[in-house]
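Student:
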Amino acid sequence: MPLPIKGKTPGICQVFIETIPGGSPGCSLLQGALGHYHAVQVAETQPAKLAAFEGLFETQQGAPLIIFGIPDAEAGRTKMEIALPKMLSFVAFGDFNAEVKGLNDFPRDEWPPLAMTFYPFHLMVALGLYFIALTCWGFWLLIRNKLYDNPLFLKLAFFSIPLPFITNELGWIAAEVGRQPWVVYNLLRTADGVSITVPAYQILFSIIMFALIYVVLFSVWIFLLRKKINLGPICKGKELGLIRGLQYDHITDYLVFSDSGFNYRLCSVGWL
Ligand code: HEM
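Quick note: the sequence shown uses my numbering, first residue 8, plus one each step.
In structure tokens:
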């Protein structure tokens, strides 16, 4: 099914396309910095989670940062490991020789589920680095006025739209599964925090209802969005061609959006 937006009103679409490489390298880099801050905080407060994030079994000074690997809880090691030596110690404690506790230093029943912590965490970080690379590449193309000459970038940007949502979920899974078996680290186990007044079927019912409500809301949103895009903006005043010609600073007029031909809304685009 062709996208309704394809080939329509390219002028106004360009404004939005250009905000991506224009604004998001900063956001992606900030996300990386925040991620680093998260890691430091996890190293201090939840060392077993850090060991599971990294598939680190043995306590080590100068612990490596594992970029790829297959953690095997039974064998007690991470297989096919590709690692940056000493980097975990540095990232977590700011010291290449700092000691990082491995999983073997924790009782076996205090280990988080390993695969469900390790893989979501690594995928989140990989996607975070991908966002930094993609947005910086876009920024580079934008300042060289080559953004629209690079179909590979445009395609990647388009197909990457769902990825930040997926990354959010991966981060959440890593954080929540990674702190098991504790609700409050070292104080209250999840098993002891279970409510005795709310039975499991009521929680299941709530989850199903929430899921259904969100599916309905999402479908209505897609329906309305498609409708709006199909109608498209109607431009009065200066031609949108000007936007195409990158003369943004000359456009201080109004864009008029019309639903039906009678129902006008005025939007100031003075910032253009
Ligand atoms: C660039 C590299 C990244 C690093 C190094 C990083 C690091 C981390 C760490 C260490 C945690 C665990 C926090 C905890 O358990 O308390 C975390 C959680 C999380 N991350 Fe990332 N992250 C990165 C990128 C991203 C990106 C790009 C997104 C979203 C688009 C994201 C979304 C999240 C979310 C939603 C959580 C869960 C927060 C919570 O529930 O407290 N992360 N991240």
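Ideal placement from N, C-alpha and C gives every residue a C-beta, glycine not left out.
Can you list, in chain order, the residues of its chain whose CB lies under 7 Å from that of I24, leaving out five sequence neighbours each side?
Tutor: No residues qualify anywhere along the chain.
Student: Within the present structure, is the beta-carbon of H45 separated from the nearest heavy atom of the ligand HEM by less than 7 Å?
Tutor: True, at least one ligand heavy atom lies under 7 Å from that Cβ.
Student: Within a Cβ cutoff of 7 Å, which residues of the same chain sit near P120, ignoring the five residues on either side of it in sequence?
Tutor: Excluding residues within five positions, the ones whose Cβ falls inside 7 Å are V184 and Q187.
Student: Any idea what DSSP makes of V6, helix, strand or coil?
Tutor: No statement about residue 6 is possible, as the shown extent of the chain runs from 8 to 279 and does not include it.
Student: Taking the straight line between their C-alpha atoms, what separation do you get for S6 and F160?
Tutor: Missing from the structure shown is residue 6; the chain here goes from 8 to 279 and no further.
Student: Could you spell out where the beta strand (DSSP E) holding E88 opens and where it closes?
Tutor: Run containing E88: R84 to L91, per the beta strand (DSSP E) assignment.
Student: Distance, Cα to Cα, L149 vs V223?
Tutor: The straight-line gap from Cα to Cα measures roughly 38 Å.
Student: Heavy atom of the ligand HEM less than 7 Å from the Cβ of M94, yes or no?
Tutor: M94 Cβ: outside cutoff for every heavy atom of the ligand HEM.
Student: Just how far apart, CA to CA, sit M216 and I210?
Tutor: C-alpha separation (whole angstroms): 10 Å.
Student: For T4, collect the residues of the same chain with a Cβ closer than 8 Å to its Cβ; drop the 5 residues on either side in sequence, then sort them by chain order.
Tutor: Any answer about residue 4 is impossible in this case: the structure gives the chain only from 8 up to 279.
Student: Using only the alpha-carbon positions, how far apart do D199 and A207 sit?
Tutor: Spanning the two alpha carbons is a distance of roughly 15 Å.
Student: With DSSP as the reference, label D79 as helix, strand or coil.
Tutor: Of the three classes helix, strand and coil, the one that applies to D79 here is strand, per DSSP.
Student: Along the alpha helix (DSSP H) that carries Y208, what are the first and last residues, could you check?
Tutor: Run containing Y208: A207 to L238, per the alpha helix (DSSP H) assignment.
Student: Please report the distance separating the alpha-carbon of A50 from that of Y44.
Tutor: Cα-Cα distance, rounded: 10 Å.
Student: Rounded to whole angstroms, what's the CA-CA distance from G29 to F165? Just pull it up for me.
Tutor: Cα to Cα, the separation comes out at about 16 Å.
Student: Pull up the CB-CB distance for T95 and L63, whole angstroms please, since I reckon it's below 8 Å.
Tutor: Sequence inspection shows Leu at residue 95; the Thr mentioned does not correspond to that position. That belief holds up - the Cβ atoms of L95 and L63 are roughly 7 Å apart, short of 8 Å.
Student: Following the continuous alpha helix (DSSP H) through W5, name the residue where it begins and the one where it ends.
Tutor: Because the chain is modelled from 8 through 279, residue 5 falls outside the range shown and cannot be assessed.
Student: Quick one: residues in its chain with C-beta nearer than 7 Å to the C-beta of K234, no 5 flanking neighbours on either side, listed in chain order?
Tutor: Cβ neighbours of K234 beyond the five flanking positions: none.
Student: For K86, is the classification buried or exposed, using 16 other Cβ atoms within 10 angstroms of its Cβ as the cut-off for buried?
Tutor: Classification of K86: exposed, given that the 10 Å Cβ count is below 16.
Student: Which residue marks the beginning of the alpha helix (DSSP H) containing T174, and which one marks its end?
Tutor: Segment L170 to G185, the alpha helix (DSSP H) holding T174.
Student: How do the segment 121–134 and the segment 173–184 stand: do at least 3 beta-carbon pairs fall below 8 Å, yes or no?
Tutor: Cβ pair count under 8 Å is three or more, so yes.
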